[in-house]
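Residue 87 in the UniProt record's numbering sits at position 87 of the sequence shown, with consecutive numbering throughout. The beta carbon of each residue, even a glycine, is placed where N, CA and C say it ideally should be.
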Amino acid sequence: MPQGKPSVVPDDGLTTRQRRNRPLLIVHTGPGKGKSTAAFGLALRAWNQGWPVGVFQFVKSAKWRVGEERALRVLGDSGEGGAVTWHKMGEGWSWVQRDIASSEDAAREGWEQVKRDLAAETYQLYVLDEFAYPMHWGWVDTDEVISVLRDRPGSQHVVITGRNAPQPLLDAADLVTEMTKVKHPMDVGQKGQRGIEW
């Protein structure tokens with residue numbers, strides 16, 4: 001079992017504690033299932049540590065009800081762990097565009113809200129769910145995102161999910177996981193199902 005010991009320790013003048021506690025930029029990308037699910041798992045860990053958590057759902061319909069939302073809202077309201085705030089920014093589903101103009105506007109306003117919250121240090125963990133799409137589509141400037149996240153104050157961790165994350169974002173991130181699809185029920189015509197996809 002891994003003991004969590006790094007194979008390389010840089011000569012950067014930081015103590016082990018300083019290096020351990022630096023805020024991370026995490027990206028979950030790739031064509032496989034589980035990017036958002038993994039990010040919501042991080043949100044559960046953050047809640048357990050008592051951290052305030054901000055979830056920002058980009059692109060997914062505001063009408064779409066995901067199981068993690070209900071669970072994290074209940075936990076956030078329980079008086080135990082950290083507070084959880086859930087923001088729905090999107091108008092349409094990721095790959096079925098309905099009203100592109102309003103989706104683009106919603107994504108831009110969502111990013112503006114994230115910037116305000118980062119400046120105010122509102123949360124300790126930010127889940128920017130499906131945020132790779134607005135960058136990939138050119139709705140939000142990737143260079144600006146990287147600059148804002150690089151210069152964010154305090155100890156704020158950020159996890160971004162979505163397919164096609166831009167390479168400059170991957171280069172800037174501290175942790176990148178690419179979910180690859182080996183096999184999926186949709187390959188044989190099975191639609192998403194309750195308890196698995198939502």
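C-beta contact flag for residue i and residue j at 8 Å
i: Ala38; j: Val55; result: no
i: Leu72; j: Val59; result: no
i: Val158; j: Leu25; result: yes
i: Arg163; j: Pro31; result: yes
i: Gln167; j: Glu121; result: no
i: Glu69; j: Trp47; result: no
i: Gln57; j: Asp12; result: no
i: residue 199; j: Ser36; result: With the chain represented from 1 up to 198, any question about residue 199 goes unanswered, as that position is not in the structure.
i: Trp198; j: Gly189; result: no
Nearest to residue i (by Cα), restricted to the options the options
i: Leu75; options: Pro52, Met89, Gln57 and Arg150; result: Pro52
i: Val148; options: Leu72, Ala173 and His87; result: Ala173
i: Ile146; options: Val114, Arg20, Arg194 and Thr15; result: Val114
i: Gly4; options: Asp11, Arg20 and Asp12; result: Arg20
i: Ile196; options: Arg45, Val66 and Gln49; result: Val66
i: Ala107; options: Lys88, Lys35 and Leu118; result: Lys88
i: residue 199; options: Trp139, Pro6, Gly34 and Leu14; result: Past the edges of the chain, shown from 1 to 198, lies residue 199, and the structure says nothing about it.
i: Glu144; options: Glu178, Glu112, Leu175 and Thr161; result: Glu112
i: Arg152; options: Thr177, Leu118, Leu175 and His136; result: Leu118
i: Trp137; options: Tyr123, Met179 and Asp105; result: Asp105
Residue span of the beta strand (DSSP E) that contains residue i, given as start and end
i: Val27; result: Leu25 to Thr29
Nonlocal neighbours in the same chain, by C-beta distance under 6 Å from residue i, ignoring five residues either side
i: Ala165; result: Val27, Thr29 and Ala132
i: Pro185; result: none
i: Asp141; result: none
Residue i burial status per 10 Å Cβ neighbour count (16 or more: buried)
i: Val8; result: exposed
i: Ser103; result: buried
i: Leu170; result: exposed
i: Leu125; result: buried
i: Trp139; result: buried
i: residue 237; result: Nothing in the structure corresponds to residue 237, since the chain is present only between 1 and 198.
First and last residue of the uninterrupted alpha helix (DSSP H) at residue i
i: Gln18; result: Thr16 to Arg20
i: Asp151; result: That residue, Asp151, is in no alpha helix (DSSP H); it is neither H nor E in DSSP.
i: Glu69; result: Gly67 to Gly76
Proximal residues to residue i (C-beta, below 7 Å), its chain only, five neighbours per side dropped
i: Gly81; result: Trp47, Asn48, Gly50 and Leu75
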